[in-house]
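All the letters of the sequence shown, read from the start, carry residue numbers 1 to 269 under the UniProt record's numbering. By construction, the Cβ of each residue, glycine as well, lies at the ideal position given by its N, Cα and C atoms. Since this is a predicted model, take the numbers as computed values, not measurements.
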Amino acid sequence: MYYDPIKKSLGQVFNRTPWLRRLFYVLLDLLLLRTWHVHRELRKWAAGRQGENLTILDAGSGYGQYTYWLSGLSKKWSILAVDVKDEQIADSNQFFRQIGRTNVQFAVQDLVLYQEPNSFDLALSVDVMEHILEDVEVFRNIHASLKDGGMLLISTPSDQGGSDVHADGETSFIEEHVRDGYNIHEIQQKLRTAGFERIEARYSYGEPGQVSWRLSMKYPILMLGMSKWFFLLLPFYYLITFPFCLLLNWIDSTSSHDSGTGLIVKAWK
1 MYYDPIKKSL
11 GQVFNRTPWL
21 RRLFYVLLDL
31 LLLRTWHVHR
41 ELRKWAAGRQ
51 GENLTILDAG
61 SGYGQYTYWL
71 SGLSKKWSIL
81 AVDVKDEQIA
91 DSNQFFRQIG
101 RTNVQFAVQD
111 LVLYQEPNSF
121 DLALSVDVME
131 HILEDVEVFR
141 NIHASLKDGG
151 MLLISTPSDQ
161 GGSDVHADGE
171 TSFIEEHVRD
181 GYNIHEIQQK
191 LRTAGFERIE
201 ARYSYGEPGQ
211 VSWRLSMKYP
221 ILMLGMSKWF
231 FLLLPFYYLI
241 TFPFCLLLNW
251 IDSTSSHDSG
261 TGLIVKAWK
């Protein structure tokens, strides 16, 4: 099962027009449970700040959906979105120019090497750190790049079944991950090593979220991996599962969890 090529194929379909890309973002925001958790934390951070001139780093921007969402909250916010994939960065720059979001810039950068001292009020890292072996180096670079009082927000799999690994010897559903998930205490210690002092961490993807993830992401991707013809059946599949997944996402994102397959971590400089 190759998760990344399927993501790339889906991105190519929705990149054909700005309208399709906006639709893609809406679908990602609704289906991806991590987006519900991330948006919840970003709303808290953004409260009362829309009129301020702030700078934001999207560290590992992917398709750019979080940059799109943040850039829509305030035209006064300047956002730099970085990723290692040249083609994805070029597509994102073209799209944001087409829709007139001039407060956004995408750039090719390696987070292990990238540092812009005392430049950002917020750094965002969503499902990135599980792909990077040199995680402490990245945390150090982000810490240095934040202004005093700046916040880093992380979403990443936990060691409680993240990447759909539940026992020794199992392989990750997403083969591009270099680690299956973080222990909640481990990631906090690594952030302290990098210089962060105030850290808050909680679990996401409790029982409701795990059911939603299987229905909305795992099973469709597995079927697409077997045959691209399943793409034609996706609308009918989601017609049945979509309302149920929305309810589960809402329950998971508004509840506290003693354990979960995901982590939401906030750290302040």
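Exercise for review: Please work out which residues of its chain come closer than 6 Å, Cβ to Cβ, to residue 91, disregarding the five sequence neighbours upstream and downstream, and give them in chain order.
Suggested key: For the purposes of this step, residue 91 is taken as the residue at position 91 of the sequence shown. 15.
**Study point:** Range of the contiguous alpha helix (DSSP H) that encloses residue 24
**Key:** Locating residue 24 in the sequence shown gives position 24, counting from the first residue. Unbroken alpha helix (DSSP H) run through residue 24: 18-31.
Check your understanding: How about residue 178 and residue 132: do their beta carbons lie closer than 9 Å?
Key -> Counting from 1 along the sequence shown, the entry for residue 178 is found at position 178. Counting from 1 along the sequence shown, the entry for residue 132 is found at position 132. Using a Cβ distance threshold of 9 Å, residue 178 and residue 132 count as a contacting pair.
Review point. DSSP state of residue 252, grouped into three classes?
Key: Working through the sequence shown from its first residue, we reach residue 252 at position 252. Helix at residue 252.
Point to revise | N-terminal and C-terminal residue of the alpha helix (DSSP H) that residue 69 is part of | key: Taking the first residue of the sequence shown as 1, we reach residue 69 at position 69. Annotation for residue 69: the continuous alpha helix (DSSP H) segment containing it runs 65-71.
Review point. When DSSP builds the beta bridges, which residues end up paired with residue 124?
Key: Working through the sequence shown from its first residue, we reach residue 124 at position 124. According to DSSP, residue 124 shares a beta bridge with 58, 153.
Exercise for review: Give the secondary structure of residue 231 by DSSP, where H, G and I count as helix, E and B as strand, and everything else as coil.
Suggested key: Numbered from its first residue, the sequence shown carries residue 231 at position 231. In this structure, residue 231 counts as helix in the three-state DSSP scheme.
Check your understanding: Taking C-alpha atoms, which residue in 211, 122, 126, 49 lies nearest to residue 145?
Key -> In the sequence shown, residue 145 corresponds to position 145, counting from 1. Among 211, 122, 126, 49, the Cα nearest to that of residue 145 is on 122.
Point to revise | Three-pair Cβ contact test at 8 Å for the region 59-79 versus the region 101-117 | key: Segments in contact, yes.
Exercise for review: Compute the Euclidean distance between the alpha carbons of residue 194 and residue 221, then round it to the nearest angstrom.
Suggested key: Reading the sequence shown from its first residue, position 194 is the one you call residue 194. Reading the sequence shown from its first residue, position 221 is the one you call residue 221. Approximately 36 Å, taken between the alpha carbons.
Review point. What's the call for residue 156, buried or exposed, on a 16-neighbour Cβ count within 10 Å?
Key: What you label residue 156 is simply residue 156 of the sequence shown in a count that begins at 1. Classification of residue 156: buried, given that the 10 Å Cβ count is 16 or more.
Exercise for review: Taking the CB atoms as reference points, tell me whether residue 158 and residue 62 lie closer together than 9 Å.
Suggested key: Taking the sequence shown and counting its residues from 1, one reaches residue 158 at position 158. Taking the sequence shown and counting its residues from 1, one reaches residue 62 at position 62. Contact: no.
Exercise for review: Would you give the residue range spanned by the alpha helix (DSSP H) that residue 139 belongs to?
Suggested key: Working through the sequence shown from its first residue, we reach residue 139 at position 139. Run containing residue 139: 135-145, per the alpha helix (DSSP H) assignment.
Review point. Based on the DSSP secondary-structure assignment, which residues constitute the bridge partners of residue 265?
Key: Residue mapping note: residue 265 aligns to position 265 of the sequence shown, counting from 1. Residue 265 is bridged to 154, 201.
Practice item. Output the distance between the C-alpha atoms of residue 51 and residue 230, rounded to the nearest integer angstrom. Key: Here residue 51 is taken as the residue at index 51 of the sequence shown, counted from 1. Here residue 230 is taken as the residue at index 230 of the sequence shown, counted from 1. Taking the Cα positions, residue 51 is about 46 Å away from residue 230.
Review point. Would residue 185 be called buried (16 or more neighbouring beta carbons within 10 Å of its own) or exposed?
Key: Along the sequence shown, one-based indexing puts residue 185 at 185. Looking at its Cβ environment, which holds fewer than 16 other Cβ atoms inside 10 Å, residue 185 is exposed.
**Study point:** Nearest-angstrom Cβ-Cβ length linking residue 23 and residue 205, presumed shorter than 8 Å
**Key:** Here residue 23 is taken as the residue at index 23 of the sequence shown, counted from 1. Here residue 205 is taken as the residue at index 205 of the sequence shown, counted from 1. Residue 23 to residue 205, Cβ: 25 Å. No contact.
Check your understanding: DSSP state of residue 107, grouped into three classes?
Key -> Within the sequence shown, numbered from 1, the residue matching residue 107 stands at position 107. DSSP, reduced to helix, strand and coil, places residue 107 within a strand of the structure shown.
Practice item. Helix, strand or coil for residue 78, going by three-state DSSP, please let me know. Key: In the sequence shown, the residue the question calls residue 78 occupies position 78. Residue state, collapsed to three classes: strand.
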